[in-house]
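In this note's numbering, the protein residues as written are 41 to 265.
Comments concern the structure below.
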Amino acid sequence: MKEKPRTTRQLEGYYRRLLKAYGPQHWWPADSRFEIMIGAILTQNTAWRNVERAVANIKREGLMTPRALHRVSMRQLAEMIRPSGYFRVKAGRIKAFVRFLIQQYEGDLRRMMSEPVGILRSKLLSVKGIGSETADSILLYAGDVPVFVIDAYTRRVLSRHRLIPSKVSYDRLQRFFMDHLQPRAALYNEYHALLVKVGKEHCRPTPACQGCPLKVYLNGKQPKI
DNA sequence: TGCCAGGCCGGGT
DNA sequence: ACCCGGCATGGC
């Protein structure tokens, strides 16, 4: 048995500490896989509280299905999701996504998730308004596919701790995690949610390191990735 | 009052 | 390959 690389031990240490401090985060909070996908679009650069209002508005009208959102007018959709911000842009993105679902998979999420992951990911990225993070959130949180989701918090936490340089592309940072961790959806799910949690609590633009469960890891080393 | 939040696109270097 | 302006609401 060969020893684990240092980076793997480091990343596992971060995870262990975060899980001990905060416990399971139970992501993604939603009533259905489709709701997760819509939430992934709505939460782009937006506080989750505002997304919850938009989601609630859609569900109150009984429209949280691919076909219902395909039928509804742009005007009504935009009005329902107004609280989540960028509401005209996001209405167009949701429209593009449900059109994609219906044209490619007849609106059947099971058909979508039966595609090979690489193919599906690039198809999602070809939908206007779905970028890397949104595509991977859909794959991981709605589809249980083991892809690691990168976001602003992930970058901030890791670069503050000098685990990564401050400027790294999404794909390289994603590979950094996936090259050093077992490909398990439950692990990636919890890890990303925990990074968001510690980011909100401590790794804000103005750092609040007092009481941060990761404080012990701060050091001057900067591994190449 | 201003800054921030679970990004992405299009156009320009 | 980056870098930038635009998109918008609600909380602190």
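For glycine and all other residues, C-beta sits at the position ideal for the given N, C-alpha and C.
Given the structure is predicted, the values throughout are model-derived calculations rather than measurements.
Check: Contact check, Ala-225 vs Val-185, beta carbons under 9 Å; Outcome: yes
Check: The region 43 to 62 touching the region 119 to 127, judged by at least three CB pairs closer than 8 Å; Outcome: no
Check: Whole-Å CB distance - Cys-243 paired with Arg-200, under 8 Å assumed; Outcome: 6 Å
Check: Whole-angstrom distance between Leu-141 and Ile-98, CA atom to CA atom; Outcome: 18 Å
Check: Phe-188, DSSP secondary structure in three states; Outcome: coil
Check: Pairwise C-alpha distance: Glu-92 and Gln-116; Outcome: 17 Å
Check: Alpha carbon of Val-236 to alpha carbon of Tyr-193, nearest angstrom; Outcome: 6 Å
Check: Sub-9 Å separation of Ala-70 and Ser-177 beta-carbons; Outcome: no
Check: Exposed unless 16 or more other CB atoms sit within 10 angstroms - verdict on Ile-159; Outcome: exposed
Check: Per-residue DSSP class, three states only, for Leu-165; Outcome: helix
Check: Collapsed DSSP secondary structure at Gln-250 in the structure displayed; Outcome: coil
Check: For His-232 and Gly-251, the rounded distance between their alpha carbons; Outcome: 20 Å
Check: Contact the region 49 to 56 vs the region 204 to 223: 3+ CB pairs below 8 Å; Outcome: yes
Check: CA nearest to the CA of Asp-211, picked from Gly-63, Val-129, Gly-171; Outcome: Gly-171
Check: Trp-88, enclosing alpha helix (DSSP H) - first and last residue; Outcome: 88 to 100
Check: For His-242, three-class secondary structure by DSSP; Outcome: coil
Check: Endpoints, alpha helix (DSSP H) assigned at Arg-111; Outcome: 106 to 111
Check: Own chain, CB closer than 6 Å to Gly-169, minus 5 neighbours either side, in chain order; Outcome: Arg-133, Ala-136
Check: Contact belief for Gln-65 with Leu-234 at Cβ below 8 Å, rounded distance in angstroms; Outcome: 6 Å
Check: Residue closest to Arg-105, alpha-carbon to alpha-carbon, out of Gly-125, Trp-88, Arg-139; Outcome: Checking the sequence, you will find Thr at residue 105 rather than Arg. Nearest option by C-alpha distance: Arg-139.
Check: Closest residue to Ala-61 among Lys-207, Tyr-145, Val-189, Val-238 (Cα-Cα distance); Outcome: Val-238
Check: Where the alpha helix (DSSP H) containing Met-219 begins and where it ends; Outcome: Correcting the residue identity first, residue 219 is Asp in this sequence and not Met. Counting along the chain, the alpha helix (DSSP H) containing Asp-219 begins and ends at 210 to 220.
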